[in-house]
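The numbering used here applies: residue 4 is where the sequence shown begins, and numbers increase by one. A quick write-up on the structure given underneath.
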Amino acid sequence: MDLFCYREGRLWCEGVAADELVGRYGTPTYVYSHGTLVHHLEELTRGFAPVDPFVCFSVKSCPNVHVLRALVERGAGMDVVSLGEMHRALAAGCPPERIVFAGVGKDDAELRAALLGSTDPAYAGPPRPIAMINAESAAEVDRISRVAAGLGVRAGVAVRVNPLVEAGGHAYIKTATHASKFGVTFDQCAQIAAAHRGSPSVWVRGVHVHIGSSIATADPYEEAIRRVVGLVERLGSEGTAIDHVDIGGGFAADYTTGQAPAVPTYAQRVVPLLLPLRRRGVRVMLEPGRMIAGNSGVLLVRVLYVKRSPEKTFVICDAGMNALLRPALYDAFHFVWPARVGPEHTPARRERAPEMPGLVSVDVVGPLCESGDFLARDRALPPVEPGDVLAVFTAGAYGMSMANRYNSRGLPAEVMVSGESSRLVRRRETIDDVIAHELGAG
Numbered sequence: 004m005d006l007f008c009y010r011e012g013r014l015w016c017e018g019v020a021a022d023e024l025v026g027r028y029g030t031p032t033y034v035y036s037h038g039t040l041v042h043h044l045e046e047l048t049r050g051f052a053p054v055d056p057f058v059c060f061s062v063k064s065c066p067n068v069h070v071l072r073a074l075v076e077r078g079a080g081m082d083v084v085s086l087g088e089m090h091r092a093l094a095a096g097c098p099p100e101r102i103v104f105a106g107v108g109k110d111d112a113e114l115r116a117a118l119l120g121s122t123d124p125a126y127a128g129p130p131r132p133i134a135m136i137n138a139e140s141a142a143e144v145d146r147i148s149r150v151a152a153g154l155g156v157r158a159g160v161a162v163r164v165n166p167l168v169e170a171g172g173h174a175y176i177k178t179a180t181h182a183s184k185f186g187v188t189f190d191q192c193a194q195i196a197a198a199h200r201g202s203p204s205v206w207v208r209g210v211h212v213h214i215g216s217s218i219a220t221a222d223p224y225e226e227a228i229r230r231v232v233g234l235v236e237r238l239g240s241e242g243t244a245i246d247h248v249d250i251g252g253g254f255a256a257d258y259t260t261g262q263a264p265a266v267p268t269y270a271q272r273v274v275p276l277l278l279p280l281r282r283r284g285v286r287v288m289l290e291p292g293r294m295i296a297g298n299s300g301v302l303l304v305r306v307l308y309v310k311r312s313p314e315k316t317f318v319i320c321d322a323g324m325n326a327l328l329r330p331a332l333y334d335a336f337h338f339v340w341p342a343r344v345g346p347e348h349t350p351a352r353r354e355r356a357p358e359m360p361g362l363v364s365v366d367v368v369g370p371l372c373e374s375g376d377f378l379a380r381d382r383a384l385p386p387v388e389p390g391d392v393l394a395v396f397t398a399g400a401y402g403m404s405m406a407n408r409y410n411s412r413g414l415p416a417e418v419m420v421s422g423e424s425s426r427l428v429r430r431r432e433t434i435d436d437v438i439a440h441e442l443g444a445g
């Protein structure tokens, strides 16, 4: 479900037409639907309600502070993987005790911030530690212990384990394979817990698992969580009581209509496995990103040229892999369609190969000096002309967060729509912004 739809040939985001947004904010522009963001968060919370989930939004998926604030205001915590993401979460109004810090490469400054609850390097107030630090190795837990001892606090730690469950699509988004850099083995987790049992500076109290991204079936979750529940029982028998289990995220979003399972499809398979832990007081955490943000956003781009060669027709737009990297990086599919169409080209569904009269096979490409710069290849679209606006759907997750300044092009604008109102939540970068951090460049 999302609140982007066509009415009388015009694409609308909630109560605002896309062409009105382009007239006001220009292109390329990311447009987010506040109502869709909130709907997905509430749907997820309802689906997992029997285990009273602690839902922490994955900041890396869509880090705009205004997006984060919309979710914090509806009760979400924040899952961060860097000092910058923690800074964003705090700026969005998320209390430190509702932040979880993950990631394989935390340095001392990041751990200090997590344990003090502040990203200010000069902070000298009382510690207000975040909810949990998800540790990825024995060496990291040792580092956490050292930093915590220096601050006079005891760090709450969840150890990330690798359950060796095949999940996810592209190799780059699989995180629970034998070759993955993420997590430790179950035996290593037990060794870490034993090594720090009774430590005054580290409390190993949780287990964390995250098996991949864009996972459109519940099977791997069920398998992974069964293994994690067994590990929790093992740790308890060895003297380490676990009161926090983080099952990660990775739930799919609809890149085509009906592609992603509904929340109950996941919940019905895994909630029964988690209920016994919850009844014993174990806190269950989820860290969704794509499921909440994915189809909450579209990218609007403008057609600059239509270039016809003997082999291909290229629709050249004012943004490509600099604004949306996923197609080039993962060969990912995004439904692309004109923001204004005739009645015969109004899409009832978002499909890889729509069946409509008069469609033309094109490559939708960007302006960059790079052969891999594309948004869609061999795609059937209605005829378009220079000046037309295209919408790239399901671009809310890992869109702006992976945008870049390749060819010294500034980052796009971001806009939030709520009902019949819209507001700029990140201004478009200027050419001066592009060189602003290069000392002496001005």
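Heads up, the beta-carbon is just placed ideally off N, CA and C, and yes, glycines get one too.
The closest CA to that of residue 315, considering only 373, 415, 364 and 158, is found on 364. For residue 269, there is no enclosing beta strand (DSSP E); the enclosing alpha helix (DSSP H) has its first and last residue at 266-282. The criterion of a C-beta distance shorter than 8 angstroms is satisfied by residue 79 and residue 60. DSSP, read as helix, strand or coil, puts residue 90 in helix.
The criterion of a C-beta distance shorter than 8 angstroms is satisfied by residue 250 and residue 212. Annotation note: the stretch 62-127 contains the following uninterrupted beta strand (DSSP E) runs of length 3 or greater, listed N- to C-terminal: 80-83 and 102-104. Residue 135 is bridged by DSSP to 103.
Within the same chain, 318, 320, 339, 377, 378, 379, 382 and 393 come within 7 angstroms of residue 367 by CB-CB distance, once the 5 residues on both sides are set aside.
Secondary-structure assignment with DSSP links residue 303 through a beta bridge to 32 and 394.
Put simply, of 41, 362 and 304 the residue whose alpha carbon is nearest the alpha carbon of residue 390 is 304.
Judged by beta-carbon spacing, residue 410 lies beyond the 8 angstroms limit of residue 442, meaning their Cβ atoms are not closer than that value.
Of 199, 126, 153 and 130, the smallest CA-CA separation from residue 162 is found for 199. For residue 223, the enclosing alpha helix (DSSP H) has its first and last residue at 222-240. Look at residue 341 here: in three-state DSSP terms it is strand. By a beta-carbon distance limit of 8 angstroms, residue 266 contacts residue 47. Their separation comes to about 6 angstroms.
Distance between residue 283 and residue 221, taken at the CA atoms: about 24 angstroms. Between the stretch 94-102 and the stretch 65-80 there are three or more C-beta pairs closer than 8 angstroms, enough to call the two in contact. Short of 6 angstroms from the beta carbon of residue 90, and not among the five residues preceding or following it, lie these beta carbons of its own chain, in chain order: 122. Nearest Cα to residue 39 within the set 31, 16 and 32: 16. Contact between residue 54 and residue 426 does not hold, since the beta-carbon distance rounds to 36 angstroms and is not under 8 angstroms.
Per DSSP, the beta bridge partners of residue 158 are 205.
The Cβ neighbour count for residue 351, taken over all protein chains shown within 10 Å, is under 16; the residue is labelled exposed. By the CB criterion at 8 angstroms, residue 328 and residue 405 fall inside the cutoff. Residue 401 sits close to residue 64, with the two beta carbons spaced by under 8 angstroms. DSSP, reduced to helix, strand and coil, places residue 39 within a helical segment of the structure shown. By the beta-carbon neighbour count (other beta carbons within 10 angstroms, threshold 16), residue 8 is exposed.
When DSSP states are grouped into helix, strand and coil, residue 141 belongs to the helix group. Residue range 363-368 is occupied by the beta strand (DSSP E) that includes residue 367.
Rounded to the nearest whole angstrom, the C-alpha separation of residue 118 and residue 92 is 15 angstroms. Counting along the chain, residue 198 sits inside no beta strand (DSSP E); it lies in the alpha helix (DSSP H) bounded by residues 189-198.
The DSSP-derived three-state label of residue 211 is strand.
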